[in-house]
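First residue of the sequence shown? That's 1 in this note's numbering, and the numbers climb one at a time after it.
Written below as structure tokens is the structure these notes are about.
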Amino acid sequence: MPLLEPKPEALRPGAVRTPSPDRVPDRQAPGTPEPLRGELIDLLGPEKVLWKVSDLVKYASDASPYRFVPQVVVVPEDIDDISAILSYAHGKGREVVFRAAGTSLNGQAQGEDILVDVRHHWAGIEVLDDGAQARIRPGTTILRANATLARHGRLLGPDPASAIACTIGGVVANNASGMTAGTTRNSYRTVSSLTFVLPSGTVVDTGDPAADEDLARAEPRLCEGLLALKAEIEADAELTARIRAKYEIKNTNGYRLDAFLDGSTPVQILRGLMVGSEGTFGFISEVVFDTLPLDRRISTALLFFPSLTAAAAAVPRFNEAGAIAVELMDGNTLRASVSVRGVPADWAELPKETTALLVEFRAADEAGQEAYERAAATVVEGLGLVAPVASVTNEFTREAEVISGYWKARKAFVTAVGGSRPSGTTLITEDFAVPPSRLADACEALLGLQAEHGFDAAVAGHAAHGNLHFLLAFDAAKPSDVDRYAAFMDDFCRLTVERFDGSLKAEHATGRNIAPFLELEWGPKATELMWRTKQVIDPDGVLAPRIVLDRDPKAHLRGLKTIPKVELIADPCIECGFCEPTCPSHDLTTSPRQRIVLRREMMRQPGGSPVEAQLLDAYGYDAVDTCAGDSTCKLACPVGIDTGAMMKDFRHQRHSPREERIAALTAKNFKAVEAAARLAVAAADRIGDGPLETLTGLARKAVRPDLVPEWLPEIPGAAARKLPRTSRVGASAVYYPACVNRIFGGPEGHRGPSLPQAVVAVSARAGKPVWIPDDVAGTCCATIWHSKGYDAGNAVMANRIVEAAWGWTAGGRLPLVVDASSCTLGIAHEVVPHLTDDNRELHRELTIVDSLVWAAEELLPELTVLRKTGSAVLHPTCSMQHLDDVEQLRTVAEACAEEVVIPDDAGCCAFAGDRGMLHKELTASATAKEAAEVNAREYDAYLSANRMCEIGMDRATGRSYYSVLMELERATRPGAVVR
Numbered sequence: 001m002p003l004l005e006p007k008p009e010a011l012r013p014g015a016v017r018t019p020s021p022d023r024v025p026d027r028q029a030p031g032t033p034e035p036l037r038g039e040l041i042d043l044l045g046p047e048k049v050l051w052k053v054s055d056l057v058k059y060a061s062d063a064s065p066y067r068f069v070p071q072v073v074v075v076p077e078d079i080d081d082i083s084a085i086l087s088y089a090h091g092k093g094r095e096v097v098f099r100a101a102g103t104s105l106n107g108q109a110q111g112e113d114i115l116v117d118v119r120h121h122w123a124g125i126e127v128l129d130d131g132a133q134a135r136i137r138p139g140t141t142i143l144r145a146n147a148t149l150a151r152h153g154r155l156l157g158p159d160p161a162s163a164i165a166c167t168i169g170g171v172v173a174n175n176a177s178g179m180t181a182g183t184t185r186n187s188y189r190t191v192s193s194l195t196f197v198l199p200s201g202t203v204v205d206t207g208d209p210a211a212d213e214d215l216a217r218a219e220p221r222l223c224e225g226l227l228a229l230k231a232e233i234e235a236d237a238e239l240t241a242r243i244r245a246k247y248e249i250k251n252t253n254g255y256r257l258d259a260f261l262d263g264s265t266p267v268q269i270l271r272g273l274m275v276g277s278e279g280t281f282g283f284i285s286e287v288v289f290d291t292l293p294l295d296r297r298i299s300t301a302l303l304f305f306p307s308l309t310a311a312a313a314a315v316p317r318f319n320e321a322g323a324i325a326v327e328l329m330d331g332n333t334l335r336a337s338v339s340v341r342g343v344p345a346d347w348a349e350l351p352k353e354t355t356a357l358l359v360e361f362r363a364a365d366e367a368g369q370e371a372y373e374r375a376a377a378t379v380v381e382g383l384g385l386v387a388p389v390a391s392v393t394n395e396f397t398r399e400a401e402v403i404s405g406y407w408k409a410r411k412a413f414v415t416a417v418g419g420s421r422p423s424g425t426t427l428i429t430e431d432f433a434v435p436p437s438r439l440a441d442a443c444e445a446l447l448g449l450q451a452e453h454g455f456d457a458a459v460a461g462h463a464a465h466g467n468l469h470f471l472l473a474f475d476a477a478k479p480s481d482v483d484r485y486a487a488f489m490d491d492f493c494r495l496t497v498e499r500f501d502g503s504l505k506a507e508h509a510t511g512r513n514i515a516p517f518l519e520l521e522w523g524p525k526a527t528e529l530m531w532r533t534k535q536v537i538d539p540d541g542v543l544a545p546r547i548v549l550d551r552d553p554k555a556h557l558r559g560l561k562t563i564p565k566v567e568l569i570a571d572p573c574i575e576c577g578f579c580e581p582t583c584p585s586h587d588l589t590t591s592p593r594q595r596i597v598l599r600r601e602m603m604r605q606p607g608g609s610p611v612e613a614q615l616l617d618a619y620g621y622d623a624v625d626t627c628a629g630d631s632t633c634k635l636a637c638p639v640g641i642d643t644g645a646m647m648k649d650f651r652h653q654r655h656s657p658r659e660e661r662i663a664a665l666t667a668k669n670f671k672a673v674e675a676a677a678r679l680a681v682a683a684a685d686r687i688g689d690g691p692l693e694t695l696t697g698l699a700r701k702a703v704r705p706d707l708v709p710e711w712l713p714e715i716p717g718a719a720a721r722k723l724p725r726t727s728r729v730g731a732s733a734v735y736y737p738a739c740v741n742r743i744f745g746g747p748e749g750h751r752g753p754s755l756p757q758a759v760v761a762v763s764a765r766a767g768k769p770v771w772i773p774d775d776v777a778g779t780c781c782a783t784i785w786h787s788k789g790y791d792a793g794n795a796v797m798a799n800r801i802v803e804a805a806w807g808w809t810a811g812g813r814l815p816l817v818v819d820a821s822s823c824t825l826g827i828a829h830e831v832v833p834h835l836t837d838d839n840r841e842l843h844r845e846l847t848i849v850d851s852l853v854w855a856a857e858e859l860l861p862e863l864t865v866l867r868k869t870g871s872a873v874l875h876p877t878c879s880m881q882h883l884d885d886v887e888q889l890r891t892v893a894e895a896c897a898e899e900v901v902i903p904d905d906a907g908c909c910a911f912a913g914d915r916g917m918l919h920k921e922l923t924a925s926a927t928a929k930e931a932a933e934v935n936a937r938e939y940d941a942y943l944s945a946n947r948m949c950e951i952g953m954d955r956a957t958g959r960s961y962y963s964v965l966m967e968l969e970r971a972t973r974p975g976a977v978v979r
């Protein structure tokens with residue numbers, strides 16, 4: 001064991017715990033039992049079988065209120081693996097559930113036997129016919145697919161609020177729709193063809209002209225069964241009419257029986273049935289969508305009404321005016337949304353009865369937009385709108401930033417309201433539809449029912465389509481609370497069906513919580529046809545049992561998960577999974593959601609249990625060490641949960657007092673440390689990479705991999721010992737070269753000025769000279785200590801840099817320009833909690849400017865671009881995301897290059913200072929998709945604005961990344977220039 005390896009017990013929860021009724025039992029501490037583990041490893045290989053109890057726990061939870069611990073998790077890479085898994089399950093009498101993003105709200109992605117992760121190796125999009133169609137793999141998020149399609153002026157029809165995280169496979173399998181899809185733009189209506197694997201292992205491509213012939217040969221009984229069911233349904237005129245009527249409004253409850261009416265052959269019937277089948281009929285491996293035009297002329301308003309019923313009554317008028325979206329948010333939803341970044345703080349003061357409609361019109365051109373705006377104005381004139389707080393305007397706007405803020409608040413409904421629920425309670429999201437003409441009545445009835453059963457009202461939804469969502473919070477560990485939920489569900493389902501003839505699931509699919517009520521909505525005849533359809537397609541019941549179909553009237557009460565309290569920063573988490581796609585480690589070890597899920601399981605366990613011991617043993621590497629600490633999870637989370645900050649705190653908890661003292665000593669003597677580091681980098685050029693890799697490798701084994709960085713061949717040579725000479729007299733700004741740019745030089749073979757020379761030159765060229773203080777050596781943004789959880793060292797350097805910056809800038813009279821985005825973020829924001837009260841006052845007087853903002857907003861207007869490179873690909877860093885200056889990176893790059901590309905898969909590189917040298921596998925995993933996209937073609941320049949991230953991208957792509965300011969200096973330099 002390495003000398004300074006931390007003890008897992010350092011992360012044991014200190015709170016007094018009461019064992020939860022749904023805790024993982026001690027017998028599961030060893031993980032997947034034999035022979036299941038060994039047989040699947042022999043079948044698929046060890047890298048595709050996750051068997052540790054920590055693996056099983058992190059996959060046991062999703063965005064739903066349910067929790068089922070699988071026996072094993074497998075990660076297939078291709079259809080051959082899928083077929084092998086299904087064949088194994090048939091032979092052994094086992095059950096299989098597919099899981100992609102885990103954003104489903106009804107437990108349909110949870111299994112108790114073999115759980116199949118179909119996200120990791122199943123992403124990709126191919127644009128067809130100039131965007132008219134797209135072939136998409138099931139692990140691709142809606143957001144990612146639309147990013148590619150946007151370049152062709154197209155988009156997908158389904159647009160669920162979870163588009164940032166939900167994947168194509170889940171969207172099609174649930175027939176998820178969203179804000180604008182309604183009944184005409186959903187998956188059922190816009191899927192052109194599917195490729196899927198049936199439970200038997202047969203692969204069907206519905207777009208293949210020979211598909212029916214092939215299927216008849218491979219599965220004759222299946223074909224006969226489907227055609228027999230079709231004939232039976234069509235012979236029953238009353239049933240046929242009922243099926244058609246059920247889909248006049250949004251409905252995802254049960255199987256799509258209209259597939260038997262819309263399809264004329266077994267393959268066509270299967271194409272329809274697979275949509276909304278929730279993984280119970282097969283695995284969807286590929287989808288070809290018919291895409292829709294991306295109308296870019298948008299007019300949007302957030303209109304406030306005195307009551308929910310008044311707002312609901314206005315919906316039909318906006319529908320008639322041509323609105324593509326009419327979204328409803330009640331008072332509780334609006335007030336809870338203040339936790340979302342960018343939402344006006346005064347919404348917290350809105351009266352409880354207030355309700356808002358988010359109304360949007362989209363047009364292809366200016367004439368169409370103006371026509372919609374005139375129609376909208378006519379509608380608004382007749383409404384009794386209110387403005388209870390100052391931020392309310394009740395006006396239509398074309399401003400993209402304002403519109404984005406409105407939608408951010410709306411899409412955060414589940415997470416914002418859920419995040420404000422009482423600590424320790426489980427959240428259930430219900431989703432139903434009624435005929436739009438009856439929306440006002442349904443709202444009033446729902447509010448009454450919630451009050452009757454003691455639930456706080458929180459209602460939002462796609463009002464244009466009569467589709468409402470509401471949330472229920474209760475303590476699943478209390479039988480009385482579970483009984484209250486059960487009583488509410490009985491009354492709610494009867495109300496929806498008997499009074500409104502509505503759909504018990506409009507877009508979230510049946511799942512586990514509505515399965516017992518399927519027959520209430522559909523009646524015995526149609527429900528029995530669904531059972532028979534399942535028998536025809538999956539006669540052995542291998543796929544997703546108890547999802548969609550369940551004869552147990554209390555099935556929705558089984559597996560409800562408790563939510564034990566965890567660290568305050570993470571306690572509001574509802575496990576929605578919005579954070580996962582942005583997390584650099586989600587394909588390697590754990591995601592932010594899984595870090596919290598594992599922590600909650602520790603809290604469910606009695607202290608010292610075998611399960612807790614196993615979880616703690618794995619948590620150090622899987623959760624703490626391989627967290628990049630970039631906090632992009634905070635940006636993706638609608639309520640701003642910063643799991644990265646929690647991991648940094650855990651790092652601090654693992655430090656010994658001796659480690660903390662050494663870290664503080666390093667901060668106090670950083671001038672010497674900096675000089676030594678620069679000398680070491682210079683010496684490395686003479687020693688060579690091989691010996692250094694060997695030496696650091698041995699040191700890592702002896703000391704601790706998380707303390708000793710590994711030497712990487714991509715590490716550049718040393719920076720010049722002296723910074724450029726500048727004058728304080730006449731300076732427009734103070735220029736602070738980050739310590740990484742004082743230690744490391746530019747990319748190998750670079751022939752132009754260094755970054756500090758470039759910043760000085762281009763600023764002078766623009767008539768805005770900068771001054772570099774003589775005493776910057778020995779100062780730092782403190783991120784070195786902050787990212788590792790060294791609190792004492794962090795405090796030393798945070799206070800030192802603020803005191804120095806205040807002096808350099810003459811008490812804040814000059815801006816401080818910082819040439820590395822992570823350092824800008826550190827000085828501008830991350831140091832603040834660690835400052836003394838006096839230094840916090842000094843910090844308030846400082847203006848910290850990222851070099852990108854300085855270049856884009858201060859220098860570019862004064863510069864003349866003399867030459868451009870052909871093409872440039874950009875790497876926006878996670879710090880740029882936090883600082884919101886990615887557009888400035890693009891602006892500067894566009895001044896320097898004829899073509900500028902930001903990869904669709906661009907994300908945090910996870911190099912994170914030196915974390916990419918501590919755990920190079922983290923950066924390799926985090927950058928894999930972006931690197932593949934970058935290397936798909938050649939570029940003339942590879943640009944960013946953070947040296948360590950540039951090194952990470954050098955390693956990932958084999959290219960040489962450098963600061964965009966160096967390219968700006970070249971583009972504006974007078975005279976001949978040699979690249």
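Just so it is clear, CB atoms sit at the ideal spot from N, CA and C, and this is done for glycine as well.
Note that the structure is predicted; figures quoted are calculated from it, not measured.
Environment of residue i [buried if 16+ CB atoms lie within 10 Å]
i, result
"P199", "buried"
"A440", "buried"
"V57", "buried"
"Q133", "buried"
"L965", "buried"
"Q981", "With the chain running from 1 to 979 in the structure shown, residue 981 is simply not present."
"I284", "buried"
"A145", "buried"
Proximity below 8 Å, CB of residue i to CB of residue j
i, j, result
"L981", "I243", "Nothing can be reported for residue 981: it is not among the residues displayed for the chain, which extend from 1 to 979."
"V776", "S339", "no"
"N174", "G276", "yes"
"A463", "A312", "yes"
"N935", "A820", "no"
Residue span of the alpha helix (DSSP H) that contains residue i, given as start and end
i, result
"T148", "I142 to A150"
"A870", "Per the sequence shown, residue 870 should be read as Gly rather than Ala. G870 -> not in any alpha helix (DSSP H); beta strand (DSSP E) instead, spanning T869 to L874."
"Y735", "Unbroken run through Y735 is the beta strand (DSSP E), A733 to Y736; no alpha helix (DSSP H)."
"G38", "L36 to L44"
"E430", "Element bounds for E430: not the alpha helix (DSSP H) but the beta strand (DSSP E), T426 to A433."
Where the beta strand (DSSP E) containing residue i begins and where it ends
i, result
"Q133", "Q133 to I136"
"G331", "Counting along the chain, G331 falls outside any beta strand (DSSP E), though it belongs to the alpha helix (DSSP H) covering G331 to A336."
"I125", "I125 to L128"
Below-8 Å beta-carbon distance, residue i vs any chain B residue
i, result
"A795", "Given the protein chain composition of this structure (a single chain), no chain B is represented."
_Count Cβ pairs between the segment 668-685 and the segment 607-620 that sit closer than 8 Å; are there 3 or more?_
No: fewer than three Cβ pairs fall under 8 Å.
*Which residue spans inside the segment 61-117 form an unbroken alpha helix (DSSP H) run of at least 4?*
79-92
*Would you check if there are 3 or more beta carbon pairs closer than 8 Å linking the segment 878-885 to the segment 814-832?*
yes
*Pairing CB atoms from the segment 615-628 with CB atoms from the segment 754-774, are three or more of them under 8 Å?*
no
*asked:* Does the contact criterion of 3 or more C-beta pairs under 8 Å hold for the segment 288-296 versus the segment 152-165?
replied: yes
*Any chance the segment 852-861 sits against the segment 886-906, with 3 or more Cβ pairs inside 8 Å?*
yes
*In chain order, which alpha helix (DSSP H) runs of at least 4 residues are fully inside the segment 870-918?*
878-883, 886-896 and 915-918
_Meets three-Cβ-pair contact criterion under 8 Å: the segment 803-820 and the segment 681-692_ = no
*asked:* To test your reading of the DSSP string, which unbroken alpha helix (DSSP H) runs of 4 or more residues are found completely within the segment 172-219?
replied: 187-190 and 211-218
*Three or more C-beta pairs closer than 8 Å, one from the segment 178-189 and one from the segment 447-467: is that the case here?*
yes
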